[in-house]
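One structure is given below, encoded as structure tokens.
There are 2 protein chains.
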Amino acid sequence: MAQSLPKDQSTEQRILHAAKTVFYRKGLGGARMEEIAREAGINKALLHYYFRNKEQLFERIFLEAFEQLLPQMTAILAQDLPLEQKVQQISDFYNEMLLETPLLPVFVLNYVQSDPEALTKRMISVNASKLMSHLTEQLAQETKAGRIRDVAPQQLIINLLALCVFPYAMKPIVTRLFHMSEDDFRGFSESRKQVVPEVIMAYLKP
Amino acid sequence: MAQSLPKDQSTEQRILHAAKTVFYRKGLGGARMEEIAREAGINKALLHYYFRNKEQLFERIFLEAFEQLLPQMTAILAQDLPLEQKVQQISDFYNEMLLETPLLPVFVLNYVQSDPEALTKRMISVNASKLMSHLTEQLAQETKAGRIRDVAPQQLIINLLALCVFPYAMKPIVTRLFHMSEDDFRGFSESRKQVVPEVIMAYLKP
DNA sequence: GGGTGGTTTAACCAAACGATTAACTTCCTT
DNA sequence: AAGGAAGTTAATCGTTTGGTTAAACCACCC
């Protein structure tokens, strides 16, 4: 970060990239506009010219992150595919995505915790009722057919999310706890793609 | 929080309690000393009288939280007990503790993410090498005896932590996603005490 | 060259913020 | 009662912060 962003990008894009970098680490309250401007290699007044104020800039970054966290999963789970395939798809998606943006989970969860009321309207995009009815039906059929144990859809979703997302939220702690280099963590992330479905399917086995 | 803390507590205790409330939600950068003072029902100058500055007050709160997150788990895992018992103990400990302080995980992870360098010295208290050697040996014995599958200790620890901790980090999202009341979430937390060991042990089954 | 629209800059502003200060209050001991 | 120590307060301070402003700059067109 000694030298800022390439100059061939538009100013708006450079601001967005810089804002993401700073907001992901410091959150809304901790991030400084001067810092974002420095990161983008621009004059601070441009932040206001392009994004009006801090909150609107943050909103832009947050929305994009939030869209990566839950809607993706609900979309995959809503597909007409065997359960095992969906679990694998989710594992692949999250492990790949989060390897590139490991700061995302804590960024989202932190903001949600600091301002829970702001969350309510955003949950609309998650389309939970459709997910729940679809998944509930699929689980019921699988259980009836004796292919899986009886499990509450909530528990399944939570387990899946936890196993996929939490290792990245814990990355600074994990890497120090296990003395992992960046390459070690990459290898770990790769192994998670298989471990997550194994854990989930083992639990589902009747 | 309309009316602040009971006046029968010492000023220092009231400050600590208020600081915990505010720091857990807003983090170090987002919390305001004036807000903490208001929460404690005192004059702002007292914060400096008792805790010198913002950082030192925060440090006090953070240390306590961090001690709840990892050292507890390493202590349990280091015991000479059957694996299944240890898993159950961990599940019980975390689910009970986090039901009372659901904001703790995100509070810790957020600070760790905003200042990763500050984490390194604190990992010393985790005593990871003792944990790893002890757990590795136990897992090797269990595998050799054919009682569990071959599993890397890192994967086991991560799965366990993820399944125990993440639901609480996700509480605002979970409660809205599944339309849970506070009582619903309490029931959910209670069920997690059993689900976590079930998931873990199912995965370990050879 | 002059005009237009868009972008960028340095300087400035008012409020917020963490921290300090001097005065006051309470309690205890002599 | 006086003095000392610890605790508390309201006012003040210096710095930081998000945001604004006026001017400058740039590219393009007639």
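Protein chains in written order, with the numbering used here: chain W, 91 to 296; chain P, 91 to 296.
Idealized CB from N, CA, C, for every residue including glycine.
Would you report the Cα separation of His107 of chain P and Leu136 of chain P, rounded to the nearest angstrom?
The count along the second sequence starts at 1 and reaches residue 107 of chain P at position 17. The count along the second sequence starts at 1 and reaches residue 136 of chain P at position 46. For His107 of chain P and Leu136 of chain P, the gap between their C-alpha atoms comes out near 14 Å.
Consider the Cβ of Ala92 of chain W: report whether some Cβ of chain P lies at a distance smaller than 7 Å.
Stepping through the first sequence from its first residue, residue 92 of chain W is reached at position 2. Note that Ala92 of chain W scores a pLDDT of 35, beneath 50, so its modelled location is shaky and nothing firm can be said.
Met213 of chain P by DSSP, collapsed to three states: which one?
Counted from its first residue, the second sequence places residue 213 of chain P at position 123. Correct three-state label for Met213 of chain P: helix.
Evaluate the contact criterion for the region 250-259 of chain P versus the region 136-154 of chain P: three or more CB pairs, one atom per stretch, below 8 Å.
Under the 8 Å Cβ criterion, the region 250-259 of chain P does not count as touching the region 136-154 of chain P, having fewer than three qualifying pairs.
With distances taken between CB atoms, is the gap from Leu221 of chain P to Ala155 of chain P smaller than 7 Å?
Residue numbering aside, residue 221 of chain P sits at position 131 when the second sequence is read from its first letter. Residue numbering aside, residue 155 of chain P sits at position 65 when the second sequence is read from its first letter. In this structure, Ala155 of chain P does not lie closer than 7 Å to Leu221 of chain P by Cβ.
Does Arg115 of chain P get closer than 7 Å to chain W when you measure Cβ to Cβ?
Taking the first residue of the second sequence as 1, we reach residue 115 of chain P at position 25. Interface residue, yes.
Give the C-beta separation of Val241 of chain W and Asn200 of chain P to the nearest angstrom, bearing in mind that I take them to be a contact with Cβ-Cβ under 8 Å.
Taking the first sequence and counting its residues from 1, one reaches residue 241 of chain W at position 151. Taking the second sequence and counting its residues from 1, one reaches residue 200 of chain P at position 110. Wrong, their Cβ atoms sit about 31 Å apart, outside the cutoff.
For the alpha helix (DSSP H) holding Asn185 of chain W, just list the boundary residues, first then last.
For the purposes of this step, residue 185 of chain W is taken as residue 95 along the first sequence, with counting starting at 1. Here the alpha helix (DSSP H) through Asn185 of chain W covers 173-190.
Can you name the start and end residues of the alpha helix (DSSP H) that Arg298 of chain W belongs to?
There is simply no residue 298 of chain W to check, as chain W begins at 91 and stops at 296 in what is shown.
By the three-class DSSP mapping on this structure, what secondary structure does Ser271 of chain P have?
By 1-based counting over the second sequence, the position of residue 271 of chain P is 181. In the structure shown, Ser271 of chain P falls within a coil segment according to DSSP collapsed to helix, strand and coil.
Measuring CB atoms only, is the region 225-238 of chain P touching the region 284-294 of chain W, in the sense that at least three cross pairs come out at less than 8 Å?
The answer is no - the region 284-294 of chain W does not touch the region 225-238 of chain P, with fewer than three Cβ pairs under 8 Å.
Can you tell me the Cα-Cα spacing of Ile126 of chain W and Asp205 of chain P, whole angstroms?
Position 36 of the first sequence holds residue 126 of chain W. Position 115 of the second sequence holds residue 205 of chain P. Straight-line Cα distance between these residues: approximately 17 Å.
Kindly indicate which three-state DSSP category Gln93 of chain P falls into: helix, strand or coil?
Counting from one through the second sequence, the residue named residue 93 of chain P turns up at place 3. Legend: pLDDT at Gln93 of chain P = 42, less than 50; position of this residue unreliable, value from coordinates given subsequently. Gln93 of chain P falls in the coil class under three-state DSSP.
Residue-chain proximity (Ile180 of chain P, chain W), Cβ-Cβ < 7 Å
Taking the first residue of the second sequence as 1, we reach residue 180 of chain P at position 90. At a cut-off of 7 Å, the C-beta of Ile180 of chain P has no neighbouring C-beta in chain W.
From which residue to which residue does the alpha helix (DSSP H) around Gln169 of chain P run?
Residue mapping note: residue 169 of chain P aligns to position 79 of the second sequence, counting from 1. No alpha helix (DSSP H) holds Gln169 of chain P; DSSP gives it neither H nor E.
My output table needs one value for Lys283 of chain P: the three-state DSSP class, helix, strand or coil.
By one-based count along the second sequence, residue 283 of chain P stands at place 193. Lys283 of chain P: helix per DSSP, three-state reduction.
In chain order, what are the residue ranges of uninterrupted alpha helix (DSSP H) at least 4 long that sit wholly in the region 204-252 of chain W?
Counting only runs of at least 4 residues, the region 204-252 of chain W fully encloses the following alpha helix (DSSP H) elements, listed from N- to C-terminal order: 218-234.
So, under 8 Å CB-CB, Arg266 of chain P and Leu118 of chain W are touching, yes? Tell me the CB distance rounded to an integer number of Å.
Taking the second sequence and counting its residues from 1, the one referred to as residue 266 of chain P is at position 176. Taking the first sequence and counting its residues from 1, the one referred to as residue 118 of chain W is at position 28. The pair is not a contact, with the Cβ atoms about 20 Å apart (cut-off 8 Å).
Can you give me the Cβ contacts of Ala92 of chain P inside the same chain, cut-off strictly under 7 Å, excluding the 5 residues immediately before and after it?
On the second sequence, residue 92 of chain P is found 2 positions in, with the first residue counted as 1. Any reading at Ala92 of chain P must be qualified, since the residue scores a pLDDT of 35, below 50, and its modelled position is unreliable; the value itself is stated next. Once the five neighbours on either side are set aside, Ala92 of chain P has no close Cβ partner at all.
Cα-Cα separation between Leu147 of chain P and Ile166 of chain W, rounded to whole angstroms:
Taking the first residue of the second sequence as 1, we reach residue 147 of chain P at position 57. Taking the first residue of the first sequence as 1, we reach residue 166 of chain W at position 76. Leu147 of chain P and Ile166 of chain W: Cα-Cα distance of roughly 45 Å.
7 Å Cβ shell around Met187 of chain P - same chain, five flanking residues per side excluded
As a position in the second sequence, residue 187 of chain P is number 97, starting the count at 1. Taken in chain order, the residues that qualify are Gln158.
Give me the Cα-Cα distance between Tyr114 of chain P and Pro192 of chain P, rounded to the nearest whole angstrom.
By one-based count along the second sequence, residue 114 of chain P stands at place 24. By one-based count along the second sequence, residue 192 of chain P stands at place 102. Taking the straight line joining both Cα atoms gives about 10 Å.
How would you write the range of the alpha helix (DSSP H) that Ala130 of chain W sits in, first residue to last?
Working through the first sequence from its first residue, we reach residue 130 of chain W at position 40. Looking at the DSSP string, the run of the alpha helix (DSSP H) that includes Ala130 of chain W is 123-130.
Out of W:Glu190, W:Lys116, W:Tyr184, W:Lys211, state which residue places its alpha-carbon closest to the alpha-carbon of Leu251 of chain W.
For the purposes of this step, residue 251 of chain W is taken as the residue at position 161 of the first sequence. Considering only alpha carbons, the answer is W:Tyr184.
Per DSSP, what kind of secondary structure is Pro195 of chain P in: helix, strand or coil?
Position 105 of the second sequence, counted from the start, is the residue given in the question as residue 195 of chain P. Here Pro195 of chain P sits in helix by DSSP.
Contact with chain W by Leu253 of chain P, beta-carbon distance below 7 Å
Looking up residue 253 of chain P in the second sequence gives position 163. With 7 Å as the cut-off, Leu253 of chain P counts as an interface residue toward chain W.
Within a Cβ cutoff of 8 Å, which residues of the same chain sit near Asn249 of chain W, ignoring the five residues on either side of it in sequence?
Taking the first sequence and counting its residues from 1, one reaches residue 249 of chain W at position 159. Cβ within range, chain order: Val289, Ile290, Tyr293.
If I follow the unbroken alpha helix (DSSP H) through Gln103 of chain P, where does it start and stop?
On the second sequence, residue 103 of chain P is found 13 positions in, with the first residue counted as 1. From DSSP, the alpha helix (DSSP H) with Gln103 of chain P extends over 101-120.
With distances taken from CA atoms, which of W:Ser100, W:Gln178, W:Gln245, W:Lys211 is nearest Leu278 of chain P?
Here residue 278 of chain P refers to the residue found at position 188 of the second sequence. Strictly speaking, residue 278 of chain P in this sequence is Phe, with Leu absent from that position. It is W:Gln245 whose Cα lies nearest to the Cα of Phe278 of chain P.
What is the DSSP secondary structure of Pro296 of chain P, counted as helix, strand or coil?
Start at 1 with the first residue of the second sequence, and residue 296 of chain P comes out as number 206. In the three-state reduction of the DSSP assignment, Pro296 of chain P falls in the coil class, being assigned neither a helical nor a strand state.
What number of angstroms, rounded off, separates the C-alpha of Ser100 of chain W from the C-alpha of Tyr139 of chain W?
The residue you call residue 100 of chain W lines up with position 10 of the first sequence. The residue you call residue 139 of chain W lines up with position 49 of the first sequence. If I take the Cα positions, the gap works out to 14 Å.
Have a look at Pro262 of chain P and Pro262 of chain W and give me their C-alpha separation to the nearest angstrom.
Your numbering for residue 262 of chain P matches position 172 in the second sequence. Your numbering for residue 262 of chain W matches position 172 in the first sequence. So the two alpha carbons sit approximately 24 Å from each other.
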